[in-house]
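Trainee:
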Amino acid sequence: MESEMPMNAGIDPEGDAGYLLYGDALFRKHRKKGWAYVGSPVPALEAPVADTHAHLAMLSHPVLSLARCAVVGVDFVCAMCDPAEGDECERTYRDLDIWRAEALRLLPEVFEATRRNVTAERESLEAQAHAAGKKHAGQAAEAAALLESAAVDERACNLCWGAEPAIPHMRIACGVHPHVASQWDADMEAALLERLADPRTAALGEVGLDYHYDLSPRDVQQNVFRRQVQLAHVTGLPLVLHVRDAHEDAFRILEEEGWPEAGTLLHCCSVGPDELARWVERGAHVAFGGAVTFQRSDDLRASSVMVPVERLLTETDAPYMAPVPFRGIECGPEFTIFTAERIAEVRRVAPGEARRALLQQMHDAGVAFLNREPTEWQRAHADMVRDAR
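Mapping to the numbering used here: the sequence shown position 229 is 242, numbers consecutive.
1) So which of S78, Y35, I356 has the shortest CA-CA distance to D311?
2) Using 9 Å as the threshold, is the C-beta distance between D330 and H260 below it?
3) Would the stretch 331–339 count as touching the stretch 69–86 if we require 3 or more Cβ pairs under 8 Å?
4) Check whether the stretch 97–107 and the stretch 365–372 are in contact - that is, three or more C-beta pairs closer than 8 Å.
5) For L252, name the three-state secondary structure that DSSP assigns.
6) Who are R184's beta bridge partners in DSSP?
7) Give, in chain order, every unbroken run of the alpha helix (DSSP H) that is at least 4 residues long and sits entirely within the stretch 36–102.
8) If you reduce the DSSP assignment to three classes, tell me which class R257 lands in.
9) Unbroken alpha helix (DSSP H) runs of length 4 or more, entirely within the stretch 191–235: which are they?
10) Would a C-beta distance cut-off of 9 Å place D138 and L120 closer than the cut-off?
11) Report the CB separation of E219 from R239 in whole angstroms; it is logged as a contact under 8 Å.
12) Between D166 and A297, what straight-line distance do the alpha-carbon atoms span, to the nearest angstrom?
13) Using a Cβ distance threshold of 8 Å, determine whether the stretch 230–250 contacts the stretch 381–399, with at least three qualifying pairs required.
14) Cβ atoms of Q241 and L252: under 9 Å apart, would you say?
15) Report the CB separation of E403 from H66 in whole angstroms; it is logged as a contact under 8 Å.
16) What does the Cβ neighbour count give for H255, buried or exposed, with the cut at 16 atoms within 10 Å?
Structure (structure tokens):
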């Protein structure tokens, strides 16, 4: 393909990250004949969006994904890591600043590729609409709708890249996931504390309970979760929770150990309003990802309506759970814009000033929760990071 980037030579064109080979910031979905242009939300979102939960080290090309974020308006990303992951965790802390610097270097190329490719898409769509005419009204309407998206993408890629767009500001959350709770020991706790002492670490997570997969025994999950709640109190960091089919026990443990003063974030909300109500009453922040766009997620959409806007967050859980209509492909933090658009729709907030206010509030809530000054404990234990380096 003409716009293919050599640095992406290892990506399979037919794989779930094949869209990255275009080297631009356009959104596409995979079809039998290749990657079809989908376009950005119409009208364009009026405010920036924050991705509060992304596993950047697991992406096929984190640098390109961050550059794509700069074009589409995602200006904050929290990168998740787990000391049990070993190399992936090490890579996140080692390469985070490198990823941002490389994304900034790559950004002009991404803008240029986006301009070139959106022009080609627009010309193709205009030809399709003309050919369809009145005989194929459905095809003509589809092409016309995509032309609206092309107009949005053209405006985005013609911004002065040195002015408005910026590579996302980034923080890190680190914790031992319930899937690997059985690996917890004194050495694991020491490794976690070393990461938590890093001033770039904004939260302890994702931690919690997962009774859906049960990859670690439930009693072990509970003990490890309890210990990490205690560490949140010690370090002064907020908690990012992973809770699946285990909300009763997770809530009980937090009640027994005390809810961290710095706050609690229920990542990837998976429950309806009835269960969520008590979490909201306890002051928890609640994040919604691509699942809120899924056809059978009426309960999640109802939950996204009941959360106070000052504690309502957006995320991706990248590379997982790409939003509709991208299910089945690799999800990057740039896809957060589709989740934000859907939440505004279900809250019946119309595009324009009202939606701008909602988007800005959700964005600011995520940034305020995760972009904090180092805690007193982190400042007191800065030597742990220096010694590790």
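Where a beta carbon is used, it is the ideal one built from N, C-alpha and C, also for glycine.
Mentor: Taking the coordinates as given:
1) The residue you call residue 311 lines up with position 298 of the sequence shown. Of the listed residues, the one whose Cα sits closest to D311 is I356.
2) On the sequence shown, residue 330 is found 317 positions in, with the first residue counted as 1. On the sequence shown, residue 260 is found 247 positions in, with the first residue counted as 1. The answer is no: Cβ separation not under 9 Å.
3) yes
4) no
5) If you number the sequence shown from 1, residue 252 lands on position 239. Strand, per DSSP.
6) Numbered from its first residue, the sequence shown carries residue 184 at position 171. Its beta-bridge partners are C91.
7) 75–85
8) Along the sequence shown, read from residue 1 onward, the residue named residue 257 stands at position 244. Note: R257 maps to strand in three-state DSSP.
9) Those alpha helix (DSSP H) runs which fall completely within the stretch 191–235 and span 4+ residues are 199–209.
10) The residue given as residue 138 occupies position 125 in the sequence shown. The residue given as residue 120 occupies position 107 in the sequence shown. The sequence shown places Leu at residue 138, rather than the Asp named in the question. No, Cβ-Cβ distance for L138 and L120 is not below 9 Å.
11) By one-based count along the sequence shown, residue 219 stands at place 206. By one-based count along the sequence shown, residue 239 stands at place 226. Between R239 and E219 the Cβ distance is about 16 Å, and since that is not below 8 Å, they are no contact.
12) Counting from one through the sequence shown, the residue named residue 166 turns up at place 153. Counting from one through the sequence shown, the residue named residue 297 turns up at place 284. About 36 Å.
13) yes
14) Working through the sequence shown from its first residue, we reach residue 252 at position 239. Working through the sequence shown from its first residue, we reach residue 241 at position 228. A contact, by the Cβ cut-off of 9 Å.
15) The structure shown has nothing for residue 403, since the chain only spans 14 to 402.
16) Mapped onto the sequence shown, residue 255 falls at position 242. Residue environment for H255: buried (at least 16 other C-beta atoms within 10 angstroms of its C-beta).
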